[in-house]
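Undergrad:
Numbering (my numbering), first residue to last: 3 to 338.
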C-alpha cells in the first residue's frame, strides 16, 4: 500500500511539474522565445506525457517551419487523443505541406524568408521590394521593427484551398507565417501589395503584443495600414441599409469575428467598421494613443481596459463616440 501511495504521489508530482513547465512554455512562445519554449516543453515531457503538450511542441515547430518535427509531435499527440478531430486535421495539413516543401524554392531576405512552390509565377525581386518597404512603413507606424524574419509562403490556388480549407473569401492569412495563394488572387502588383501589407501588419501586431491582440483590433489596424499605404484616398463604403450594419460596438464586431459561421457580407462590414474604429482612435489620440493601447495589451491587459486607461473613456462612451464618428463621416453623408 505504501509503495502504491508513493507511486501515486510521484505521478501526481510529475503531472503538476509537467503542467507548470507547459504553462511557462506557452508564455515564452507568446513572447517570441521559441527556443526557450522548446526547452521547457522537452523538460515537461520528461516527467509527464500528455497529448496537449506534444501538440503544442508540434505547433512551435510548425511556426518555425520545421515540418518533419511538427508532424512527428502531432502524430504522437494524435495517438494519445485519437478522437480529436482538430488534431487529425493538423496531421493531415502538415503532411500535405511537407510533401509540397520537397520542391519548394526559397529566397532569404534581411527581414523575410520568402518560400513558394516551384513553377509559381512569383516575382521574387518585386516581392522583396514590397516587403522591405512594408517592414519600415508599418514598423514606423506601430513603433515596432521585428528582429526575427517573417516567413512568407506562396501557394497555387488549388493547394492553398486543399491544405487550409479556407472560405473562398479568404485571400491570404497569417498564422505565425504569412500564407498567400497564387495566381489569380494576387495576379497584379497592386493587389499583391495590399495583401502583403495587410498580413504583415498582423505579423507585427502578433510580435508586438505577445500574441495578445484581439482579432477585431488586429483586423482594424491591418485594414488601416493597408488602406494608408496601398490605397490612399480610397472610398470606404458602409451600407446605408441598417440590416447590413451590426450594432457599432466593440462587443458586436468582436463577436462577428469570433463566429466562424458569420455571413460573408456581414463579415465584410465588420472589417470596415473595425477600420473605422482605428481611424477614430488615430484622429483623436494619434498613433501614440494606439501605441499605448498595444503596449498595455502586450503586458496582458484586456483591450477594453487598455483603451479605458489610455483614452479615459469607458467602453460604453467609446462605442457611442465611435458610432457618432461613423454616422457623421460615412452613413449620413452617403444618405445625403
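Just so it is clear, CB atoms sit at the ideal spot from N, CA and C, and this is done for glycine as well.
1) Hey, out of 286, 294 and 253, whose CA is closest to residue 318's CA?
2) Would you report the Cα separation of residue 22 and residue 33, rounded to the nearest angstrom?
3) DSSP state of residue 183, grouped into three classes?
4) Leaving out the 5 sequence neighbours to the left and right, which residues in its chain are closer than 7 Å to residue 66 when beta-carbon positions are compared?
5) Output needed for residue 171: all residues of its chain with C-beta closer than 6 Å, excluding positions within five of it in sequence on either side, in chain order.
6) Can you list, in chain order, the residues of its chain whose CB lies under 7 Å from that of residue 64, leaving out five sequence neighbours each side?
7) Below 8 Å on the Cβ atoms is my guess for residue 301 versus residue 309; work out the distance and round it to an integer in Å.
8) Can you give the Cα-Cα distance for residue 141 and residue 283, rounded to whole angstroms?
9) Counting along the chain, where does the alpha helix (DSSP H) carrying residue 249 start and finish?
10) Here's the rule: buried if 16 or more other CB atoms are within 10 angstroms of the residue's CB, otherwise exposed. What is residue 204?
11) Going by the CB atoms, is the gap between residue 106 and residue 94 shorter than 8 Å?
12) Residue 304: buried (16+ other C-beta within 10 angstroms of its C-beta) or exposed?
13) Just verifying my parser: in three-state terms, what is the DSSP assignment at residue 338?
14) If you draw a straight line from the C-alpha of residue 164 to the C-alpha of residue 99, how long is it?
15) Three or more C-beta pairs under 8 Å: does that hold for the stretch 125 to 141 against the stretch 193 to 207?
16) Does the Cβ-Cβ distance between residue 202 and residue 278 come in under 8 Å?
17) Once DSSP output is grouped into helix, strand and coil, what is the label at residue 217?
18) Quick one: any contact between the stretch 214 to 231 and the stretch 282 to 299, if contact means 3 or more CB pairs under 8 Å?
19) Note down the Cα distance separating residue 187 from residue 162, rounded to an integer number of angstroms.
20) Do residue 174 and residue 157 have their C-beta atoms closer together than 8 Å?
21) Taking 8 Å as the threshold (C-beta atoms), are residue 281 and residue 226 in contact?
22) What separation, rounded to the nearest whole angstrom, lies between the Cα atoms of residue 330 and residue 240?
23) Below 8 Å between beta carbons: does that hold for residue 311 and residue 250?
TA: The answer reads as follows:
1) Comparing Cα-Cα distances from residue 318 to each of 286, 294 and 253, the minimum goes to 253.
2) Here the alpha carbons of residue 33 and residue 22 stand approximately 17 Å from one another.
3) Reduced to three states, the DSSP call for residue 183 is strand.
4) Excluding sequence neighbours, residue 66 sits near 36.
5) Counting only residues of its own chain and dropping the five nearest sequence neighbours on each side, residue 171 has a CB closer than 6 Å to the CB of 266.
6) In the same chain as residue 64, and ignoring 5 residues on each side of it, the C-beta atoms closer than 7 Å to its own belong to 72 and 96, in chain order.
7) No, residue 301 and residue 309 are not in contact; Cβ-Cβ is about 14 Å, not under 8 Å.
8) Looking at the two C-alpha atoms, the distance is approximately 18 Å.
9) Counting along the chain, residue 249 falls outside any alpha helix (DSSP H), and DSSP gives it neither H nor E.
10) Sixteen is the threshold: when 16 or more other Cβ atoms of the shown chains lie within 10 Å of the Cβ of residue 204, as they do, the residue is buried.
11) No.
12) With fewer than 16 other Cβ atoms within 10 Å, it is exposed.
13) Per-residue confidence for residue 338 stands at a pLDDT of 41, beneath the threshold of 50, marking its modelled position as unreliable; the derived number appears in the next sentence. Looking at residue 338 - three-state DSSP - the assignment turns out to be coil, as it is neither helix nor strand.
14) Whole-angstrom Cα-Cα distance: 10 Å.
15) Segments in contact, yes.
16) Judged by their CB atoms, residue 202 and residue 278 are not nearer to each other than the 8 Å cut-off.
17) In the structure shown, residue 217 sits in a helix (DSSP, three-state: H, G or I).
18) Yes, they touch.
19) Because the pLDDT at residue 187 is just 49, under 50, the model does not fix this residue reliably, and the value given afterwards should be weighed accordingly. Between residue 187 and residue 162, the alpha-carbon positions lie close to 11 Å from each other.
20) Going by C-beta atoms, residue 174 is not nearer than 8 Å to residue 157.
21) Contact: yes.
22) Spanning the two alpha carbons is a distance of roughly 12 Å.
23) 8 Å or more divides the Cβ of residue 311 from the Cβ of residue 250.
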